[in-house]
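*Asks:*
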Amino acid sequence: MRNPLARGWEGDPLWGSVYDWTVEHRVVGGALWKVAIQSELGKLYAAAAEVAAAPAGSRVLDVPCGGGVAMRALMPGQGVRFIAADISERMIDRTVKRAQASGVADQVTGQVADVAHLPFDDSSFDLVTSFTGLHCFPDPARAVIEMTRVLKPGGVITGSTLITDAGLRYAGMWRGGRFTGLLGPGCSSTEIRLWLTGQGMDEVTLTVSGAMGYFRGVKGQSSPTKPLRRKKTDRAQKD
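If you read the sequence shown in the working numbering, its first letter stands for residue 520, the second for the next number, and so on.
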């Protein structure tokens with residue numbers, strides 16, 4: 520039986536367009552982020568700048584690509600290969616159209632993919648980005664395994680996710696998101712750190728901004744281990 524959460528994102532839900540709109544309109548979008556999740560939208564731009572810093576010849580994987588939020592940081596003539604992966608073909612189509620309008624289509628390739636079983640070889644990307652994705656996945660721990668598996672030693676993973684331990688004020692958001700199939704089990708700030716370090720990531724950082732956590736890590740040479748599973752005692756899970 521297929522997970523209902525996956526079906527929730529296989530199309531192009533209205534929330535996806537709303538999210539993209541807030542990112543494109545920094546002043547109004549920033550105000551909406553501040554009201555809704557008490558988060559600074561500027562932190563998303565700062566994290567996405569990692570894409571703009573990728574040198575020529577780099578391979579970048581963005582999963583889920585959504586409507587192309589991370590891809591917006593790609594510059595014409597940058598000389599990277601940017602793989603926009605998502606479970607939704609319609610999301611990928613929006614990313615590719617955005618790439619054409621931005622003059623970076625020659626660097627962008629769309630790929631339908633399930634983050635739990637990425638169709639890429641081990642150590643095949645220099646940078647993996649995953650913005651506002653982990654909280655949508657049915658199994659975020661498995662997603663971390665896959666995203667770090669395809670990352671080269673010395674490569675960077677960066678992204679953002681709603682975190683379950685941000686406080687009781689967000690309990691209603693989690694309940695509503697899970698009811699509609701747009702939010703999965705999520706993870707706490709402690710869990711995302713443990714999952715990343717458990718997969719051999721060094722220099723792991725997590726910056727919390729309201730309900731959102733921004734994570735980053737660099738893949739080292741240590742052998743990966745199975746990540747710790749989510750704890751049933753998380754406050755947001757009990758609400």
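The beta-carbon is built from N, C-alpha and C at its ideal position, and this holds for glycine as well. Since we're looking at a predicted model, the values are computed, not measured.
Does alanine 568 pass the burial test, meaning 16 or more other C-beta atoms within 10 Å, or should it be called exposed?
*Replies:* Along the sequence shown, one-based indexing puts residue 568 at 49. Exposed.
*Asks:* Whole angstroms are fine: how far does the CA of alanine 730 sit from the CA of glycine 686?
*Replies:* Taking the sequence shown and counting its residues from 1, the one referred to as residue 686 is at position 167. Taking the sequence shown and counting its residues from 1, the one referred to as residue 730 is at position 211. Answer to the nearest angstrom: the Cα atoms are 8 Å apart.
*Asks:* Mind checking glutamine 718: buried by the 16 CB within 10 Å criterion, or exposed?
*Replies:* Position 199 of the sequence shown, counting from 1, holds the residue named residue 718. Flag for glutamine 718 reads buried.
*Asks:* According to DSSP, is glutamate 722 helix, strand or coil?
*Replies:* Numbered from its first residue, the sequence shown carries residue 722 at position 203. If DSSP states are grouped into helix, strand and coil, glutamate 722 belongs with the strands.
*Asks:* Who are the near neighbours of histidine 654 in its chain, counting only those whose CB is closer than 7 Å to its CB and skipping five residues on each side?
*Replies:* Taking the first residue of the sequence shown as position 1, residue 654 is located at position 135. Thr680, Leu681, Leu702, Gly703, Gly705.
*Asks:* Give me the Cα-Cα distance between threonine 628 and aspartate 658, rounded to the nearest whole angstrom.
*Replies:* Position 109 of the sequence shown, counted from the first residue, corresponds to residue 628. Position 139 of the sequence shown, counted from the first residue, corresponds to residue 658. If I take the Cα positions, the gap works out to 25 Å.
*Asks:* With a threshold of 16 other CB atoms inside 10 Å of the CB of alanine 575, please say whether the residue is buried or exposed.
*Replies:* Stepping through the sequence shown from its first residue, residue 575 is reached at position 56. Alanine 575 comes out exposed.
*Asks:* Taking arginine 545 and glycine 586 to be in contact with their CB atoms under 8 Å, please state how far apart those CB atoms are, rounded to whole angstroms.
*Replies:* Here residue 545 refers to the residue found at position 26 of the sequence shown. Here residue 586 refers to the residue found at position 67 of the sequence shown. Actually they do not touch by this definition, with Cβ atoms about 16 Å apart.
*Asks:* Is the region 646-653 touching the region 662-670 in the sense that three or more CB pairs, one from each, lie closer than 8 Å?
*Replies:* Judged by Cβ distances under 8 Å, the region 662-670 makes contact with the region 646-653, as three or more pairs qualify.
*Asks:* Could you give the first and the last residue of the continuous beta strand (DSSP E) run that contains alanine 685?
*Replies:* Residue mapping note: residue 685 aligns to position 166 of the sequence shown, counting from 1. Where alanine 685 is concerned, there is no enclosing beta strand (DSSP E), given that its DSSP letter is neither H nor E.
*Asks:* Please confirm whether serine 621 and valine 599 have their CB atoms less than 8 Å apart.
*Replies:* If you number the sequence shown from 1, residue 621 lands on position 102. If you number the sequence shown from 1, residue 599 lands on position 80. No, they are not a contact pair.
*Asks:* Keeping to the same chain, check which residues put their C-beta closer than 8 Å to that of alanine 525; ignore five residues upstream and five downstream.
*Replies:* To locate residue 525, count along the sequence shown from 1; it is residue 6. At alanine 525 the pLDDT is 42, less than 50, meaning the model places this residue with poor confidence; the figure from the coordinates comes in the next sentence. So the qualifying residues of the chain are Ile606, Asp633, Pro657.
*Asks:* Specify the secondary structure class of methionine 731 as computed by DSSP and reduced to three states.
*Replies:* Start at 1 with the first residue of the sequence shown, and residue 731 comes out as number 212. Strand.
*Asks:* Quick check on DSSP: helix, strand or coil for serine 679?
*Replies:* Numbered from 1 along the sequence shown, position 160 holds the residue referred to as residue 679. Three-state DSSP puts serine 679 in a strand.
*Asks:* Look up aspartate 581 in the DSSP assignment and give the residues it is bridged to.
*Replies:* Position 62 of the sequence shown, counted from the first residue, corresponds to residue 581. Paired residue(s): Ala603, Thr648.
*Asks:* Applying the 10 Å Cβ sphere with the 16-neighbour rule, what's the burial state of glutamine 626?
*Replies:* Position 107 of the sequence shown holds residue 626. Buried, by the Cβ-count rule.
*Asks:* Taking the alpha carbon of threonine 726 as the point to measure from, which residue in Ser536, Gly674, Ala555, Ala566 has its own alpha carbon closest?
*Replies:* As a position in the sequence shown, residue 726 is number 207, starting the count at 1. Minimum Cα distance to threonine 726 is reached at Ala566.
*Asks:* For serine 728, collect the residues of the same chain with a Cβ closer than 6 Å to its Cβ; drop the 5 residues on either side in sequence, then sort them by chain order.
*Replies:* As a working note, residue 728 is residue 209 in the sequence shown. The residues are Ser558, Glu559, Lys562.
*Asks:* Out of Tyr689, Pro672, Gln630, Ala624, point me to the one whose CA is closest to serine 643's CA.
*Replies:* Residue mapping note: residue 643 aligns to position 124 of the sequence shown, counting from 1. Closest by alpha carbon: Pro672.
*Asks:* Closest by CA to proline 583, which one among Pro595, Leu637, Leu713, Gly696?
*Replies:* Counting from 1 along the sequence shown, the entry for residue 583 is found at position 64. The candidate whose alpha carbon is nearest that of proline 583 is Leu637.
*Asks:* If you draw a straight line from the alpha carbon of valine 554 to that of aspartate 640, how long is it in whole angstroms?
*Replies:* Residue mapping note: residue 554 aligns to position 35 of the sequence shown, counting from 1. Residue mapping note: residue 640 aligns to position 121 of the sequence shown, counting from 1. Roughly 41 Å separates the two Cα atoms.
*Asks:* Go through its chain and collect everything with a Cβ distance to proline 595's Cβ below 8 Å, but skip five positions before and after it.
*Replies:* Residue mapping note: residue 595 aligns to position 76 of the sequence shown, counting from 1. Same-chain partners within the cutoff: Ser621, Gly622, Val623.
*Asks:* If we ignore side chains and look at the alpha-carbon of each, how far apart do valine 537 and leucine 713 end up?
*Replies:* Position 18 of the sequence shown holds residue 537. Position 194 of the sequence shown holds residue 713. If you take the alpha carbons of valine 537 and leucine 713, they lie about 31 Å apart.
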